[in-house]
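Chains as they are written, first to last, in the working numbering: chain Z, 1 to 765; chain L, 766 to 1530.
C-beta: ideal position from N, C-alpha, C; glycine also.
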């Protein structure tokens, strides 16, 4: 029995004895996604918490981007920040490691952990629960337990008896190697240490993070070792360097706690965070508060189903509540993307907007179950735009930096969807100004082709209506995604009655036509002079001249269906519904490719449909538009079955900051935001027999499919609040008003939905 | 005619035509000390200004510690911060360099300036005046003019006609090489750039400095080159790296200005500093305001004498008004030594307390001519102590860092002297707490011998009454200096009526006895067990086992006379006044040494008396205590004549943040603070015939010596306010009450002062 099963079982037993057997937190398996390339963590955190204390197994290994990896035999220590599911490796700040005996002050290697402070561990003595992580460090016989509030990680170490205890703090350690530029540590008294570090990675080039830490007992002495100077400084009260590791020594004893707060602003703020959120030494109190927060958040969706189904469902729901995370101190201060200190006035500032991933499903899901946070996302993004050197809403923002590592301006659908759904009190004009500023940022004049970021190429798009292949990397995919984002501006402007803007952006929304090669029947690379690139290989990911040349992380097949705001227009381009459905059939049945090299992110293949990456996430739902909804229904169950096992390798690719999980959560409920902006959800096929969304407005929306099973995957009929539902979509309002959506399921395809009215673009259209 | 002579002459002509021929600013020769190892700069600054725009000729060359060196043939550019006279090389932030044509984006070498952006220059086309510096860059035919406010440097470049103009900004450049850890730059619009950098040097291990810059014309484009990635980023709005250099391009034209503000807090504060202090583009307005500030400060002492004498005197007086310098934004915010942002409440925060140097004469001089600033020094130091990781007043503080590079706790005499003289409104109890905390800081438990800083050794001093040789580097000199500092606590406690503290610190003040070897007749290295170190070489600077082993920057002869709080006690140790005077005679007449290696700081020798370094600065005055004042009188004139020429090599060693100059200024006025704490000034021999101190209290104190000349160096008689002065000292109160001190001078030694009453330790004692 491996640790994660054991922990589930133990939690279940415990809970059963307390009479809480139906608590969602009892269904969590937090090791799902920690294997393969899922990039999730088993670390302790509260929903959307800034701090995530948890184990790091290695650094700068892509498959351990969240610090931990299920296949690893050793743990280096427990750092306080972790990204969840992202394709990038970063964070891992302020590593703590409890040790006994003499230990080299370097991490050591996986093969020979005794060459450093790292320790072996076993999944047999490891547990991860909502807001709690536990592991025994075999090399030291130390039991480690972690829990957290929003800004404070609480560590409880149980040492073997009779040995002098030490806690190491490695300020150089980072999950992205060589990113620690500078650090500083100050020992205020025998129980209080503060410090900071500045990291500069490809993903966050100028990032400031501060900490304040208190120990439950006074240290007897300490030492700070500077790896740059190769010197030990015994009991020095402060030291600065890029490569510091401290050793705090305590008298022999059993239990020892450390609580550590972080702040993006100052050590003083970190100390205030610490004293405000955890003024005591009651580990269990923090742990149960953390669990209660998870219970509240996960309780927003009450699901019924088999244990296995609920394990997958709630574990996925859990992953939709890690990012965006709080980036603000308890006093309201935060560091903006302008690197200045700001005070959030009337909102909580959030960071980690991995928007290329999350605009698709995570944010639409949040408009349903996190409407208040969504309001804060809008305020966070507008503040961000006002601070941005590019005068843009975030692209891929992380701790007061934007890495622009993916494409598009997908803050637009997120902000506009929130506004369309009435979730923000920000003035429409202010939002429109912000989205237009973002959509019209011309970029730098002469950025080099090879140089990330991609935003500089928008100047060409503004002139030509597309991103010319010879000037902008991934230009074809950029054109498709910008066209979509542009359309969302038109949607908003229309609702505002601003015909001029609406007209302009409606036209821009049609820009996807500009990269449509009718002859080939594909979107493809177009040159600045209007000609097509002489070569075309629809299944290739790269061209010989450049990686990701035409499409970012995808090929022409995977991007063939990206016009979520104009699926019917795309159908027309392809010659009609039949031809469109044929192209979908082909996509899902292409034989293994011999053409070109796949990229790491492209995985979870059904034909060339790649569920492990985002560009295809809406594609299985598109049969609905072609009058063949049963094919969607079949595929949803196939994807869920094949690509979401309840196992460490439970994600077929990067979990991507909640997006892969959000796909599952919404699909499991039976509907999905093919067009992520505007409030229309397309019916798929429910995975669970009974799901109730307990809305923040006090209402409930129930999705029933009592006959659903591995075989009964086809919708036979549907009712909404008792009235027949013959269309293949529902609206956001349908959900938010509360009610019951009920499906009759069977094992054979039916005609249900075949004669649906066309899927509208937005609620009320 | 070299540039500095020319500039003096031109200034004189200009001024004469305006009728201001007696303005002190017209006597300045700001190239004095820029040669040899003076470490002064000709850069533009206002008194005590945070910003000092000026030329840098090389980096990491000790003799160019202030960036500039008179013997250098090229200029690399114009950075905004410079240390004045210090023995350490640091600062040189935010280098700007105007160029035309194609220029490699590296500094280039002195031998081949065309390998980089540096340019040749000539002293024939260079000028330095109060608040103004000018030089023509020969390689570009660009004339550069600089001026400043407290926080804003203003650059005016006159380009050759018809050439596209460029301004380079090298964010990596630093006077201490490899200290730039991280930097960030943001181009807000065509005229506004902000940024920051973090440096980590031996002297300031975690230093944050921010800038905001505006150009007088819009740039047409810009490029930031990252030396780490070896990439150019054209027109990028922001970039972070450790090695950035930016190029800002402007249309052809003649004059172009840049104004650049600095802040220790944030770019936002830097911008506020900029907009508050220089909201316009009137270079001449800034320049004349800067000159007016200097005129006001230098006008605090009206001196008469030959042009040469006034050149030396006023140039020295100028150097006493560079440090400590403002370390605070116009909104009151500053970064404390705890690295947190604080707001100075009711005072201006100052930094650069090079106290081992400046406690001797600069601070006593400031109690006379800068009483208001002295009050702020006390507040700055008390704030510093409350923020310090060591709970100590500053040792050698610089921009929210302490480098502890020299010894002693000489903030004590500075703070206590200010309190004794009634210059601070801080409560006596608070000051006493701060000085006692400093004097009782036990240091870290197990610092290694080799490791700076020295404060850790105080634990041994607290136990043994001396710093044992085998445990603490420079332990003998540390004992002497701590004993002195301790005595100042007793002085304060006595006045407060705190007999307990007074008794304890009176006893500690006698600790200098503990390193007195009566047999050898020297202070010397004592071991922890009370024995003397087996070897002793009184003229050696180092022992074979360690540099600076017994004395910091000195030998047993140079430290033989360091008991300024108990000269009569020292006389007793030596067996009486005659023996004491003999030892002085020997010191001043020792033949060139063959024993040991001299250190760079020890220079300006008369025998083994070293005027180029601080430990001897009071020694020439000590003949007064032995009844032989004429020998003091002769020596003062000899030192002034030999070691203060009006030439670039005008300081015989580091000017030391005002200390070497303060020695000259006070000596020239005829009295000197042998004991720098308590308000007693010992008479030397005036260098000028007529000097008036225009006190801030509205009164004036005049020192007349009408017969003084190169020959008439001996005091024949003296009167204070018309009454005979037969004692060899006056008090601080005598000065501050205003009045006239008049000397009758002649060419032969006289009996004047021989029968003086003993010099008291403090005013009123």
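Next on the checklist: For the structure I just gave you, are there three or more beta carbon pairs, one from the segment 945 to 959 of chain L and one from the segment 1066 to 1079 of chain L, closer than 8 Å?
Outcome noted: no
Checklist entry - Any contact of the segment 727 to 745 of chain Z with the segment 673 to 687 of chain Z, i.e. 3+ C-beta pairs under 8 Å? => result yes
Checklist entry - Given 8 Å as the limit, is there contact between the segment 380 to 397 of chain Z and the segment 431 to 445 of chain Z, that is, 3 or more CB pairs closer than that? => result yes
Checklist entry - From residue 98 of chain Z to residue 246 of chain Z, what distance separates their C-alpha atoms? => result 12 Å
Next on the checklist: Within 8 Å of any Cβ in chain Z, is that where the Cβ of residue 1155 of chain L sits?
Outcome noted: yes
Next on the checklist: Output needed in chain order: residues of the segment 187 to 203 of chain Z with a Cβ under 7 Å from some Cβ in chain L.
Outcome noted: 198, 200
Checklist entry - Since residue 1226 of chain L is in the alpha helix (DSSP H), which residue starts that stretch and which ends it? => result 1223 to 1229
Item to check | Straight-line Cα distance separating residue 1520 of chain L from residue 1492 of chain L | outcome: 7 Å
Checklist entry - Would a check of beta-carbon distances place residue 184 of chain Z closer than 8 Å to chain L? => result yes
Checklist entry - Once you ignore the five residues that flank residue 621 of chain Z on each side, which residues in its own chain have a CB closer than 7 Å to its CB? => result 632, 672, 674, 682, 684
Checklist entry - Can you tell which of Z:43, Z:704, Z:367, Z:619 has the C-alpha that lies nearest to the C-alpha of residue 562 of chain Z? => result Z:619
Next on the checklist: Excluding the 5 residues flanking residue 853 of chain L on each side, which residues of the same chain have their C-beta closer than 6 Å to its C-beta?
Outcome noted: 968
Next on the checklist: Under 8 Å: do the segment 1272 to 1280 of chain L and the segment 1242 to 1255 of chain L share three or more Cβ pairs, one atom per stretch?
Outcome noted: yes
Checklist entry - Near residue 171 of chain Z, what residues of its chain come up, given a Cβ to Cβ distance below 6 Å and the 5 sequence neighbours on each side ignored? => result 183, 197, 244
Checklist entry - the segment 225 to 237 of chain Z: which residues have C-beta closer than 8 Å to a C-beta of chain L, in chain order? => result 231, 232, 233, 234, 235, 236, 237
Checklist entry - residue 55 of chain Z bridges to which residues according to DSSP? => result Z:78
Item to check | Residues, ordered as in the chain, of the segment 267 to 288 of chain Z that lie near chain L by beta-carbon distance below 8 Å | outcome: 267, 268
Item to check | Exposure label - residue 1071 of chain L; buried when at least 16 CB within 10 Å | outcome: exposed
Item to check | Start-end ranges of the alpha helix (DSSP H) lying completely within the segment 1016 to 1078 of chain L, minimum 4 residues | outcome: 1032 to 1042, 1048 to 1063
Next on the checklist: Would the segment 1478 to 1489 of chain L count as touching the segment 1091 to 1110 of chain L if we require 3 or more Cβ pairs under 8 Å?
Outcome noted: no
Checklist entry - With a cut-off of 8 Å, does the C-beta of residue 1005 of chain L fall near any C-beta of chain Z? => result yes
Item to check | Cβ of residue 946 of chain L within 8 Å of any chain Z Cβ | outcome: yes
Checklist entry - Starting from residue 476 of chain Z and walking both ways along the alpha helix (DSSP H), at which residues does that stretch end? => result 475 to 496
Checklist entry - Any heavy atom of the ligand ATP closer than 7 Å to the CB of residue 1023 of chain L? => result Looking for the ligand ATP in the displayed structure turns up nothing, as the structure carries no ligands at all.
Checklist entry - Going along chain L, which residues have a C-beta under 7 Å from residue 547 of chain Z? => result Under the 7 Å cutoff, chain L gives no residues; its nearest Cβ is about 17 Å from residue 547 of chain Z.
Checklist entry - Once you ignore the five residues that flank residue 771 of chain L on each side, which residues in its own chain have a CB closer than 8 Å to its CB? => result Per-residue confidence for residue 771 of chain L stands at a pLDDT of 44, beneath the threshold of 50, marking its modelled position as unreliable; the derived number appears in the next sentence. If we look at residue 771 of chain L and ignore the five residues flanking it on each side, its Cβ neighbours are 889, 892.
Item to check | Given residue 1431 of chain L as reference, the closest of L:1320, L:1128, L:1489 once Cα atoms are compared | outcome: L:1128
Checklist entry - Closer than 8 Å, CB to CB, is residue 1105 of chain L near chain Z or not? => result yes
Checklist entry - So is residue 1295 of chain L buried or exposed if we call it buried at 16+ other beta carbons inside 10 Å? => result exposed
Next on the checklist: Suppose you measure from the CA of residue 762 of chain Z to the CA of residue 47 of chain Z; what does that come to, to the nearest Å?
Outcome noted: 30 Å
Checklist entry - At what residues does the alpha helix (DSSP H) containing residue 186 of chain Z begin and finish? => result From DSSP, residue 186 of chain Z is part of no alpha helix (DSSP H) but of the beta strand (DSSP E) over 180 to 189.
Item to check | Amino acids of chain L, ordered along the chain, whose beta-carbon sits closer than 9 Å to that of residue 102 of chain Z | outcome: Residues of chain L passing the Cβ test: none, with the nearest at roughly 17 Å.
Checklist entry - Does the pairing of the segment 654 to 662 of chain Z with the segment 456 to 472 of chain Z give three or more beta-carbon distances under 8 Å? => result no
Next on the checklist: Is it buried or exposed, residue 1045 of chain L, if we count other Cβ atoms within 10 angstroms and call 16 or more buried?
Outcome noted: exposed
Checklist entry - If we cut at 8 Å on Cβ distances, does residue 119 of chain Z have a partner in chain L? => result no
Next on the checklist: Please give the ranges of any alpha helix (DSSP H) in the segment 1408 to 1482 of chain L, keeping only runs that are unbroken, at least 4 residues long and fully inside the region.
Outcome noted: 1424 to 1434
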